[in-house]
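Per our numbering, the sequence shown starts with residue 38, numbered consecutively.
All remarks here apply to the structure that follows.
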Amino acid sequence: IFFLIIAVTTGSGAIFLFYYGLNKVTAIVSTICELFFPISAIIFDYLVNGHLLSPIQWISAAIMILAVVEISYKRKKVR
Numbered sequence: 038i039f040f041l042i043i044a045v046t047t048g049s050g051a052i053f054l055f056y057y058g059l060n061k062v063t064a065i066v067s068t069i070c071e072l073f074f075p076i077s078a079i080i081f082d083y084l085v086n087g088h089l090l091s092p093i094q095w096i097s098a099a100i101m102i103l104a105v106v107e108i109s110y111k112r113k114k115v116r
């Protein structure tokens with residue numbers, strides 16, 4: 038039952054926001070948002086369930102955020 042609670046709260050919330058946003062933005066923006074999907078799930082998990090990340094998970098999340106920022110920056114630079 039614990040996994041069901043996690044799926045309904047954190048997973049569903051992140052997916053709902055993503056698909057809601059898809060109707061409002063372009064394909065490029067939605068791709069960048071898709072890359073942030075795991076980060077949004079982490080935020081929902083903290084807000085709803087109060088779970089904190091381990092140090093290695095924090096490092097992984099930071100690397101993921103930096104990668105998305107780098108991709109976005111290179112995209113703007115190419116234009």
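C-beta: ideal position from N, C-alpha, C; glycine also.
What's the call for residue i, buried or exposed, on a 16-neighbour Cβ count within 10 Å?
{"i": "residue 81", "result": "buried"}
{"i": "residue 64", "result": "exposed"}
If residue i and residue j are in contact, beta carbons under 8 Å, what's the gap, nearest whole angstrom?
{"i": "residue 105", "j": "residue 73", "result": "6 Å"}
{"i": "residue 90", "j": "residue 79", "result": "7 Å"}
Near residue i, which residues of its chain fall below 8 Å by C-beta distance, leaving aside the five closest residues on each side in sequence?
{"i": "residue 69", "result": "105, 108, 109"}
Just reading off the alpha helix (DSSP H) that residue i is part of, what are its end residues?
{"i": "residue 66", "result": "64 to 72"}
{"i": "residue 49", "result": "49 to 59"}
{"i": "residue 42", "result": "39 to 43"}
Among the residues of its own chain, which have a CB less than 7 Å from the CB of residue i, if the five just before and after it don't count?
{"i": "residue 77", "result": "51, 54"}
Excluding sequence positions up to five away, which residues of its chain have a Cβ less than 6 Å from the Cβ of residue i?
{"i": "residue 46", "result": "85"}
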